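Scroll down for the structure; my scribbles are underneath it.
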Ligand code: TRP
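Residue numbers (our numbering): 4 to 341.
As structure tokens, then:
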């Protein structure tokens, strides 16, 4: 993946700190980040302030999960010597930039953002949308531009955020008369969005269809056993459908032996290949991916001081950068100087 990005870019991504990460996060973005950190300047944002926009009733959960997501990052292979991990709520410049950016986007445009619309529906906000929630794309624009990021590795659901960020960037640059803020490009993996184990469009912890990045072997076995296949594939000898079959979607996402997967697909389509055989292969693939992550995570969890130090020093570096961008923007807009 990283070889597709030339020359070196500044990368920013983030995750809401609402719970431990799952395989959907890994396939959608985290795996790219681990690869990209070697050749690019990379910042990872623990987005606790954004998490509050739909969790204002449980700030304790948001706070607790800052460490959990940090542990997931480190266990998955984010190297704190190569990537900067920082905490959103400790970066006041991000909130200050958000206040400015909100004047360069209309309410109608915020309401049209398709991801926000989906989220409003799935959270049942309906007529009671928290204002912070509707406005979070402007905050995300602040996150991205404060670091002057040019590349944002994300899952496909985040593409509208990057589009909206670039609209805000263009309006601000037009207002100040030069390109102070760079536009950013989304880097979206070609495997597409990872469905939940039940076959629903999106893996999500709240839907109970996710496999956590630090799952036990037993949890993986259970998830694979429950996994949605082809409901019409009743007998082993029947021809089966590969499209929409979650087991094959996951093999596509996680099995490195492409040729073997292609053979399995052909066999399944022909008939004569049982779900159990394919599921056993997926179980092995997932266990060998998750096992080492789980072990590294357990070791890191025993050393919270180390993790806290990583967050402190990363956030301190990010503070310098984001304050500098804020000062540049204030000057470019000609805001009053005391
Ligand atoms: N919206 C992202 C999510 O829901 C999290 C996020 C916050 C983010 N700030 C970001 C992603 C900046 C990319 C860039 O997971």
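The beta-carbon is built from N, C-alpha and C at its ideal position, and this holds for glycine as well.
Note that the coordinates shown come from a computational prediction; the quantities given were computed from them, not determined experimentally.
Check: Under 8 Å, do residue 186 and residue 200 count as touching if we go by C-beta distance?
Finding: No, they are not a contact pair.
Notebook entry, point to check: For residue 5, which of helix, strand or coil comes out of DSSP?
Noted result: With a pLDDT of 45 at residue 5, under the threshold of 50, the modelled position of this residue cannot be trusted; read the value that follows with caution. Residue state, collapsed to three classes: helix.
Next item on the list: Figure out for me which residue from 303, 285, 192, 101 has the closest Cα to the Cα of residue 29.
Entry: Checking every option, the nearest Cα to that of residue 29 belongs to 192.
Item checked: Proximity winner among 289, 141, 74, relative to residue 221 (alpha-carbon distances) -> Nearest option by C-alpha distance: 289.
Note to self: Bridge partners for residue 86 per DSSP, in chain order?
What the structure shows: 45
Item checked: residue 156 - DSSP class collapsed to helix/strand/coil -> strand
Notebook entry, point to check: Cβ of residue 14 versus every heavy atom of the ligand TRP: is any distance shorter than 7 Å?
Noted result: no
Check: Can at least three beta-carbon pairs, one atom from the stretch 134 to 143 and one from the stretch 295 to 304, be found at a separation below 8 Å?
Finding: no
Margin query: For residue 59 and residue 111, what's the separation of their Cα atoms in angstroms?
Written below: 24 Å
Next item on the list: Report yes or no: is there a C-beta of chain C within less than 8 Å of the C-beta of residue 35?
Entry: Absent from the structure: chain C. Only one protein chain is present.
Check: By a C-beta neighbour count over all protein chains shown, 10 Å radius and 16 as the cutoff for buried, is residue 168 buried or exposed?
Finding: Buried, by the Cβ-count rule.
Next item on the list: Return the bridge partner residues of residue 188 from the DSSP annotation.
Entry: 154
Checklist line | Helix, strand or coil at residue 50 [DSSP, three-state] | finding: strand
Note to self: For residue 34 and residue 339, I'd like the C-alpha separation in whole angstroms.
What the structure shows: 44 Å
Check: Alpha carbon to alpha carbon, what distance is there between residue 87 and residue 210?
Finding: 31 Å
Notebook entry, point to check: Is residue 50 near the ligand ZN, in the sense that its beta carbon is under 7 Å from a heavy atom of that ligand?
Noted result: As for the ligand ZN, it is missing from this structure, which binds only the ligand TRP.
Item checked: Separation of residue 332 from residue 292, as counted between CA atoms -> A direct Cα-Cα distance of roughly 44 Å separates residue 292 from residue 332.
Check: Is the closest heavy atom of the ligand TRP to the C-beta of residue 284 under 7 Å?
Finding: no
Item checked: Straight-line gap, residue 128 to residue 79 (C-alpha atoms, nearest Å) -> 33 Å
Checklist line | Within the stretch 214 to 244, ranges of the alpha helix (DSSP H) (whole runs, at least 4 residues) | finding: 220 to 229
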